[in-house]
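Heads up, the thing below is written out as structure tokens.
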Amino acid sequence: MKVLAESMTLPFISDGILVEIMKILAEAEVSYLSPFVRVGKRTWNIAGMAEVFQKSVYFEGLRLAIHSVDIKLGIEMLVRNDKGHGKSTLAAAFFAICSGDREQASVLFKSFSANHGGLVSEKARFLGNEVKWDIVMLNPPGLDTYMETFSYPDDDVVYLPECVDDHVFPHLCHLCYMYSCALEVCGML
């Protein structure tokens with residue numbers, strides 16, 4: 001694996017050419033950029049220059065949370081995109097809920113609300129659906145590993161709506177939609 005990582009630094013290719021390669025890869029499938037994010041500072045910085053940086057960090061964070069032993073690694077990666085990438089913020093919040101970290105989930109939901117328009121909106125619902133779809137595309141184990149530690153925030157800003165048990169899927173209510181997304185994500189892990 002170390003040989004692969006060393007070969008991915010590509011010292012003989014100029015930064016400009018590497019950026020173009022990364023853009024072409026991102027157009028085909030942004031998850032192909034994950035090795036560039038993992039490898040080292042040069043490709044990390046070059047990926048940062050490309051407009052696809054946030055997407056590559058997002059998919060690498062999802063991969064880490066889904067397929068690594070420690071979900072916290074994925075959360076740490078996703079938090080790097082917190083303010084600028086709504087899907088990263090929601091995914092990190094969902095994973096924090098799964099791991100039982102209500103405080104971090106609340107902070108992330110508040111950040112999403114401040115930067116992307118609130119949890120009770122069409123945009124939040126759309127991004128929540130995209131996060132679930134992206135997780136499905138990464139082939140999660142589906143073992144309900146984190147259902148015992150599932151803990152939804154309950155504070156003055158982010159709280160469990162009273163109507164959460166009144167609805168049968170599909171959730172049409174915006175109030176409890178984030179809860180249902182978090183529950184579905186947790187079931188996939």
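FYI, the numbering for the sequence shown is 1 to 189, going by this note's numbering.
Note that CB positions come from ideal geometry on N, CA and C, so glycine has one too.
(message) DSSP three-state label for residue 151, please.
(response) Here the question's residue 151 lines up with position 151 in the sequence shown. Coil at residue 151, not helix or strand.
(message) So, with DSSP's three-state summary, where would you put residue 70?
(response) Numbered from its first residue, the sequence shown carries residue 70 at position 70. Note: residue 70 maps to coil in three-state DSSP.
(message) Assuming contact is defined by CB atoms lying nearer than 8 Å, are residue 72 and residue 115 in contact in what I supplied?
(response) On the sequence shown, position 72 is the one that residue 72 refers to. On the sequence shown, position 115 is the one that residue 115 refers to. Not in contact: residue 72 and residue 115 (Cβ atoms no closer than 8 Å).
(message) Helix, strand or coil, according to DSSP, for residue 120 in the structure here?
(response) Residue numbering aside, residue 120 sits at position 120 when the sequence shown is read from its first letter. It is coil, neither helix nor strand.
(request) May I have the straight-line CA-CA distance separating residue 22 from residue 152, to the nearest angstrom? (result) Your numbering for residue 22 matches position 22 in the sequence shown. Your numbering for residue 152 matches position 152 in the sequence shown. One alpha carbon belongs to residue 22, the other to residue 152, and they sit about 37 Å apart.
(message) Is the separation between the beta-carbon of residue 110 and that of residue 158 shorter than 8 Å?
(response) For the purposes of this step, residue 110 is taken as residue 110 along the sequence shown, with counting starting at 1. For the purposes of this step, residue 158 is taken as residue 158 along the sequence shown, with counting starting at 1. A contact, by the Cβ cut-off of 8 Å.
(request) Measure the alpha-carbon distance for residue 185 versus residue 102 and round it to whole angstroms. (result) Position 185 of the sequence shown, counted from the start, is the residue given in the question as residue 185. Position 102 of the sequence shown, counted from the start, is the residue given in the question as residue 102. Taking the straight line from one Cα to the other gives about 15 Å.
(request) Assign residue 89 to buried or exposed, taking buried as 16 or more other Cβ atoms, counted over all protein chains shown, within 10 Å of its Cβ. (result) Position 89 of the sequence shown holds residue 89. It counts as buried.
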